[in-house]
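One point on numbering: in the UniProt record's numbering, the residue at position 113 of the sequence shown is 113, and numbering is uninterrupted. Here a beta-carbon is modelled for each residue, glycine too, at the ideal position from N, C-alpha and C.
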Amino acid sequence: MIRPLDDGVGPQMKNWRYEGGAVLLTCVTSSTKTWLEDSVRTIGTLNESKLVVGEASKILKTVKVITRFPSYCNAKEVGAVLKMLDVQNPGIRTADWRILNTKVEPKGKTVVLQLPEEEVELLRQKGFALFCSMEQIHFSILGK
Numbered sequence: 001m002i003r004p005l006d007d008g009v010g011p012q013m014k015n016w017r018y019e020g021g022a023v024l025l026t027c028v029t030s031s032t033k034t035w036l037e038d039s040v041r042t043i044g045t046l047n048e049s050k051l052v053v054g055e056a057s058k059i060l061k062t063v064k065v066i067t068r069f070p071s072y073c074n075a076k077e078v079g080a081v082l083k084m085l086d087v088q089n090p091g092i093r094t095a096d097w098r099i100l101n102t103k104v105e106p107k108g109k110t111v112v113l114q115l116p117e118e119e120v121e122l123l124r125q126k127g128f129a130l131f132c133s134m135e136q137i138h139f140s141i142l143g144k
């Protein structure tokens, strides 16, 4: 049962998602944000996991990377190509990869992604190269 907050309305979340080992909630009202902060402070830890409230960009440790998909992938959705990377590259989990920008060019589709740090470490172990259909694509870290 959800109890009303001080303003008489229950907590209101716009959406949620699991990304980079964290559950991200979008609070609609400031009273919901305050309720969430108070709840997390009260709970403290959950099954040895530290609970933290704040802006996702400040909490999640992510890295921006850039790559180019082959030109024959230009007509495919980026999500479909990411699923193909999952299948062809054991250990890689693109479910937590966030698409920031795409640009279709004659030589292929340039894609900027935001990845959890642990995924970047897996890319590093693979020489920043993954199998993509009939060839390999290479990744570069953007900034630091």
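| Item | Value |
| --- | --- |
| Could you tell me which residues DSSP puts in a beta bridge with W16? | L25 |
| Note down the Cα distance separating A129 from I137, rounded to an integer number of angstroms. | 5 Å |
| Roughly how many angstroms separate the alpha carbons of P70 and L100, rounded to a whole number? | 18 Å |
| Near N74, what residues of its chain come up, given a Cβ to Cβ distance below 6 Å and the 5 sequence neighbours on each side ignored? | V104, K109 |
| With DSSP run on the structure shown, which of helix, strand or coil describes S31? | helix |
| Where do the N-terminal and C-terminal ends of the alpha helix (DSSP H) with E135 fall, by residue? | No alpha helix (DSSP H) contains E135, which is instead part of the beta strand (DSSP E) from 135-141. |
| Find the nearest neighbour of V87 within the set F131, L46, K76, L123, judged by alpha-carbon distance. | F131 |
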